[in-house]
Amino acid sequence: MSTEIQKSDIFNCMVGLDFDLLKTNLNAAFVKGQNGYSLLVAPTKTEATEGVTFKEMLAEFKTAFGMKESDSTSINDSFSSLNDSAGGDSDKAIKIDELTFKLNQAFMYMIKESGKDMVCEFALAITVDAQNALPDMGFFRIKSLSLAFWNTTRVNVLAKMGMGNLSNLLG
């Protein structure tokens, strides 16, 4: 074993972060090396989470950002106007507090190499569960809304997230 000091003149750094967003656990890694830096955000698990209701998010925003009661009352008043058309019928009212947001998947990869433009790939899939929030009109009922946004072409990422064109989804 050599006792000589073996060091590089190049500073390298890696920072990892484990965090939750909409009750979905994600990992992030930032790497700084000789030729630039990169950032990766990816899910730790692929199973569905319970999600967060609009009411819970509003309460967390109040706490996190020090919102006053007048601020939250203003927000609530904005949404209560949606129910004016229901004419007091609670079965036809929109219950915005009951909308549940679920982060199904999140992926981001950014890389910036010396002398080159930054490149960013991403994929995001969110489901909005509306079963308890929107009225049942008898002949038509919205249960959920799924949204997906991506610019990556990584087959593995798209397959895990259930994204792609309709031909791929049909098989």
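Following our numbering, the numbering of the sequence shown begins with 24 at its first residue and continues without gaps. Glycine is no exception: its CB is placed at the ideal position from the N, C-alpha and C atoms.
task: Could you spell out the range, first to last residue, of the beta strand (DSSP E) harbouring residue 150?
output: Taken as a continuous stretch (DSSP letters only), the beta strand (DSSP E) holding residue 150 covers 142-152.
Residue(s) in a DSSP beta bridge with residue 126: DSSP, once it has assigned bridges, lists 149 as partnering residue 126.
- prompt: Is there contact here, the segment 153-162 with the segment 171-185, by at least three beta-carbon pairs under 8 Å?
  reply: Segments in contact, no.
- prompt: If you follow the beta strand (DSSP E) that residue 47 is part of, which residue opens it and which one closes it?
  reply: Membership of residue 47 in the beta strand (DSSP E) is indicated by the continuous run 47-56.
query: First and last residue of the beta strand (DSSP E) that includes residue 162?
result: No beta strand (DSSP E) holds residue 162; DSSP gives it neither H nor E.
query: For residue 39, does the count of other Cβ atoms within 10 angstroms reach 16, so buried, or fall short, so exposed?
result: With fewer than 16 other Cβ atoms within 10 Å, it is exposed.
message: Given a cut-off of 9 Å on the beta-carbon distance, is the pair residue 56 and residue 35 in contact?
response: Yes, the pair counts as a contact, with Cβ atoms nearer than the cut-off.
task: Tell me whether residue 79 sits in a helix, a strand or coil according to DSSP, three-state version.
output: Residue state, collapsed to three classes: helix.
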